[in-house]
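Here is the structure we will look at.
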Amino acid sequence: MSVPDLTLESSIRNLEPTSSRMPSLHRAPLEIRALKSGFLTALTWIGAILASVPLFSVIYMLLVEGGSRLNWETLTALPPSAFDLGGGFGNAIVGTVVMVGIATLVSVPIGILAAVYLAILDPDSKLAHTVRFLAKVLTGFPSILAGVFVYAVMVVTMKTYSALAGGVALAVLMLPTVVLAAEQAMAMVPKKMKDAAYGMGCTRTQVIWKVVLPTGAPGILTGVMLAIAGAAGNSAPLLFTALFSDYYLRSLTEPTASLAILIFNFSGMPYENQIQLAWAASLVLVLIVLVFNILARIIGRQKY
Amino acid sequence: MNANPEMMAAGTASPRNGIVMDCQLEKVFYGDFLAVRDSKVPIEKNKITGFIGPSGCGKSTVLRSLNRMNDLIPIFRFQGKVSYHGQDIYDKKVDPVVVRRYIGMVFQQPNPFAMSIYDNVAFGLRLNGFKGNLDERVEKALQGAACWNEVKDKLKNSGLSLSGGQQQRLCIARAIATEPDVLLMDEPCSALDPIATRRVEELMIELKEKYTIALVTHNMQQAMRVADTTAFFGVDISQGSRTGYLVEMGPTRKIFEEPEQQLTRQYVRGEFS
Amino acid sequence: MASHQFDNVDRSGSVSGPPSGGDYALDRSFRGIAWFSAALILALVVYIVVEIGGKAMPAIAEHGLGFLTSTAWNVQTGQFGILPQIWGTLYSSLLALILGGVFGVAIAIFLTQDFLPSRLAMVFRTIIELLAAIPSVVFGLWGIYVLIPLLRPVANWLHANLGGVPFFGTSLSGPGLAPAALVLAIMILPTVASISVDALRQIPYKVKEAAYGMGTTRWEAILKVMLPTASSGILAALVLGFGRALGETMALAMLIGNSNQISLSLFAPANTLAALLASSFPEAGPVEVRALMYAALALLAITLIVNAVGLAVMKFATRKFEAER
Chain A
1381 MSVPDLTLES SIRNLEPTSS RMPSLHRAPL EIRALKSGFL TALTWIGAIL ASVPLFSVIY
1441 MLLVEGGSRL NWETLTALPP SAFDLGGGFG NAIVGTVVMV GIATLVSVPI GILAAVYLAI
1501 LDPDSKLAHT VRFLAKVLTG FPSILAGVFV YAVMVVTMKT YSALAGGVAL AVLMLPTVVL
1561 AAEQAMAMVP KKMKDAAYGM GCTRTQVIWK VVLPTGAPGI LTGVMLAIAG AAGNSAPLLF
1621 TALFSDYYLR SLTEPTASLA ILIFNFSGMP YENQIQLAWA ASLVLVLIVL VFNILARIIG
1681 RQKY
Chain B
15 MNANPEMMAA GTASPRNGIV MDCQLEKVFY GDFLAVRDSK VPIEKNKITG FIGPSGCGKS
75 TVLRSLNRMN DLIPIFRFQG KVSYHGQDIY DKKVDPVVVR RYIGMVFQQP NPFAMSIYDN
135 VAFGLRLNGF KGNLDERVEK ALQGAACWNE VKDKLKNSGL SLSGGQQQRL CIARAIATEP
195 DVLLMDEPCS ALDPIATRRV EELMIELKEK YTIALVTHNM QQAMRVADTT AFFGVDISQG
255 SRTGYLVEMG PTRKIFEEPE QQLTRQYVRG EFS
Chain C
147 MASHQFDNVD RSGSVSGPPS GGDYALDRSF RGIAWFSAAL ILALVVYIVV EIGGKAMPAI
207 AEHGLGFLTS TAWNVQTGQF GILPQIWGTL YSSLLALILG GVFGVAIAIF LTQDFLPSRL
267 AMVFRTIIEL LAAIPSVVFG LWGIYVLIPL LRPVANWLHA NLGGVPFFGT SLSGPGLAPA
327 ALVLAIMILP TVASISVDAL RQIPYKVKEA AYGMGTTRWE AILKVMLPTA SSGILAALVL
387 GFGRALGETM ALAMLIGNSN QISLSLFAPA NTLAALLASS FPEAGPVEVR ALMYAALALL
447 AITLIVNAVG LAVMKFATRK FEAER
């Protein structure tokens, strides 16, 4: 028994006959045991509150610094050059939306199809085990390396930075999230429902299309929304795939602006105007990410 | 056809029916585990064939072998023959998906899909590319399953919003909507309360006018109430593992009142279970 | 299959029929596509490794293993080495792990061991999840304009009074290891907390009952029973959080100072592999790109190993409970 002395002693003390020859069952508030418990509880409370301070500080800064600068001009105008006043980041919003859109179009179909294979078609095959493991490894894959990879594969061969390359880099990051969430959602469809469909004489594809995908849809969509939220906020892979542009997007094969890179670029500038814009862009970016997070929650909450 | 239909029909009032499924299971394995051996179970047209026996006797395995549901378990292996209208459903050329279209199944747990009551019933019709009047067939199936009156005003509601007994009758409606040839019922009442059980039993007796039914039940009274023919399965533990086999099969009254085998007599008298 | 359609089955009202040829074609092609998609993920990972490895080859041939132990990064002379970046990566991640780990596990205990009414626990859980949703650049911006000004007086006081301690060996002039590690800790906290929460939740209720049944206080139950039982899951959380920290880029590129030096001081500027890539890649010439590819390969290797170890620990943790059940 690994009961420490402390506990043992106090237990024995408790068991010694009191005046009424009964052990006292009352709480002994000044016992070391109780003190220790109280101390640790207080520490945990402090830790939890301390951990939420950064979030509130970030939100405060976003609202005060970013909110004060947010208006129609900042949402639509082009970024100002060094000494200019005014300006905005309309092109960066468009660029972010377009690249996240490309990433979604690329990663969601592949991710869901791969999840179908992992969850339904052959969950115990060697390929499934390998892919599942790799998808998990990829969720911890440094996002900057997705940028390096797409730079080597697309930017070098196309000889230009582009929205397309940025979108593909984000897709690489979204893919594992979509695969794992969709697989889990499909695996959670009750076996008895799948059995019922098989029992009706469905082919495996019919079981998947008519029962598994509709039933698992909320879970799959939740995963997709979370993946989109992650991609929208991710900037590292865009640094040298989409680069940046001071103009509105005209073609998918030219350098493209994004909110995250704009924040990165402006944050280091010594001009008040740019720094205010960086805060305003952060507020917009966080709002975009939050919208998808909240969507994910709402969809995920619906129970069938 | 090894079974003698004449003998099977003896003692029942109904005229001799044809045999829809002639099931001759030699060996059924899950991996290395021999689950069922040497069982010949002919299933007659427009009758209810009940499968009874102690737990672990393989009666569910036998039933699930009849529409190849067991094929979904990768380690399942089947030796023998299941003749359905003269064709062996375990023939290499046969697609289990097709088998299941003709031989419907009702499961132990009510398992409606996460869709509306209407869509649940229409599922099989749509699956089979039915082109006629869908509403009419859905209503007919729900009436056939004795739940039309309860659900006719809420066909758009989720099938999962119904009570357990209603869900099970919905599943029966879903199974009979396509009017399959044979219905396999795997302890369909085990998750139901006595009142719901009674309704499903009444339903089974109505359904046998049109369908051929094979019923697994853990409840001997249920077999006595609804089955025309009863197959009693036992467990053979002589080889160290639990292998099920057919002990005796015959008209239900004969099985319960004057069985030929000692084992059957003990079981139906409740001397072991 | 055409010869076995059971067409001799005679039932007037039945609509049962075999799947159409189209159904079969669809079935086969859909399954093929799904297999292909799964295989694509495998191919993608192989392609990533081969591509980055291949592009790094010239630099590997040129610099050899000396690259990993050299401290120079000089484009003019063509001398490249990433020891300071490896040091900075490991040092900042380790600091973040200590901080983020302590807080993350504390929060996991807080959320799972009935400290809070369920409604309040939901609020805290949401706060932690929101923390995970804040983009890295936004934390970077916050670090520059909130955290660094806040830290500077504290850091400089520590340096002035405890300058002899190597950790406080320099003053904090702006960006540096301390703000970077702090932000990194905040960023990995949600990862550590959520995996630890899962690990604690996995413990069967009967274990908790057994502990309380022995007359333990809540904290005795947590420290002597719950945490040891969940230890491998919590270890996995820490390893995966560490992996996250190793690869984190933008906030670090904004906060760590991008200075290729090795120092124990918490307030000195430093650099990490990911930050090096982020700050140098966009403007790099062909020679430097080759060296950066080598650096990327090193980062890939480190994170893959750490993540694989984390996942292996997690698998072990899960299996332990499955065996018990």
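Chains as they are written, first to last, in the working numbering: chain A, 1381 to 1684; chain B, 15 to 287; chain C, 147 to 471. Just so you know, even glycine gets a beta-carbon here, dropped at the ideal spot from N, CA and C.
Residue i - partner residues in DSSP beta bridges
| i | result |
| --- | --- |
| A:Ile1490 | Per DSSP, none; premise fails for A:Ile1490. |
| B:Pro56 | B:Asp36 |
| B:Pro265 | B:Thr243 |
| C:Trp219 | C:Phe226 |
| B:Phe121 | None; B:Phe121 has no bridge partner. |
| B:Gly258 | B:Val50, B:Val249 |
| B:Ser177 | According to DSSP, B:Ser177 bridges with nothing at all. |
| B:Asp102 | B:Ser97 |
| B:Ser130 | B:Ser172 |
DSSP-derived helix/strand/coil call for residue i
| i | result |
| --- | --- |
| A:Thr1583 | coil |
| C:Phe472 | Shown here, chain C extends from 147 to 471; a query on residue 472 of chain C therefore has no answer. |
| A:Thr1424 | helix |
| C:Ile280 | coil |
| B:Ile62 | strand |
| B:Lys41 | strand |
| B:Gly94 | strand |
| C:Ile253 | helix |
| A:Met1568 | coil |
| A:Met1649 | coil |
| A:Arg1630 | coil |
| B:Phe270 | helix |
| A:Ser1542 | coil |
| C:Ser425 | helix |
| C:Asp260 | coil |
| B:Ser69 | coil |
| A:His1509 | helix |
Host beta strand (DSSP E) of residue i (start-end)
| i | result |
| --- | --- |
| B:Ala245 | 243-250 |
| B:Thr226 | 226-230 |
Cβ distance (whole Å) where residue i is taken to contact residue j below 8 Å
| i | j | result |
| --- | --- | --- |
| A:Gly1527 | A:Ala1616 | 6 Å |
| A:Ala1543 | A:Ile1482 | 7 Å |
| B:Cys37 | B:Val55 | 4 Å |
| B:Phe65 | B:Ser79 | Contact doesn't hold; Cβ gap of about 11 Å is too wide. |
| C:Ser282 | C:Met396 | 4 Å |
| A:Ala1499 | C:Ile187 | At roughly 14 Å, the Cβ-Cβ gap does not stay under 8 Å, so A:Ala1499 and C:Ile187 are not in contact. |
| C:Ile341 | C:Leu386 | 6 Å |
The alpha helix (DSSP H) enclosing residue i, as first and last residue numbers
| i | result |
| --- | --- |
| C:Gly210 | Run containing C:Gly210: none; DSSP gives neither H nor E here. |
| C:Glu366 | 364-367 |
| C:Val343 | 323-348 |
| B:Asp200 | Looking at the DSSP string, B:Asp200 is not in any alpha helix (DSSP H); the run it does join, the beta strand (DSSP E), is 196-200. |
| B:Thr211 | 208-221 |
| B:Ala205 | Taken as a continuous stretch (DSSP letters only), B:Ala205 belongs to no alpha helix (DSSP H), as it is neither H nor E. |
| C:Gln407 | Counting along the chain, C:Gln407 falls outside any alpha helix (DSSP H), and DSSP gives it neither H nor E. |
| A:Pro1594 | 1593-1613 |
| C:Lys354 | 351-359 |
Cβ-based burial, residue i [other Cβ within 10 Å; buried from 16]
| i | result |
| --- | --- |
| A:Ala1422 | exposed |
| B:Arg267 | exposed |
| B:Arg115 | buried |
| B:Lys222 | buried |
| C:Tyr485 | Here chain C comprises residues numbered 147 to 471, so residue 485 of chain C is not present and cannot be evaluated. |
| C:Leu308 | exposed |
| B:Lys166 | exposed |
| C:Ser166 | exposed |
| C:Val300 | exposed |
| A:Arg1413 | buried |
| C:His209 | buried |
| C:Gly320 | exposed |
| A:Arg1681 | exposed |
| C:Trp303 | exposed |
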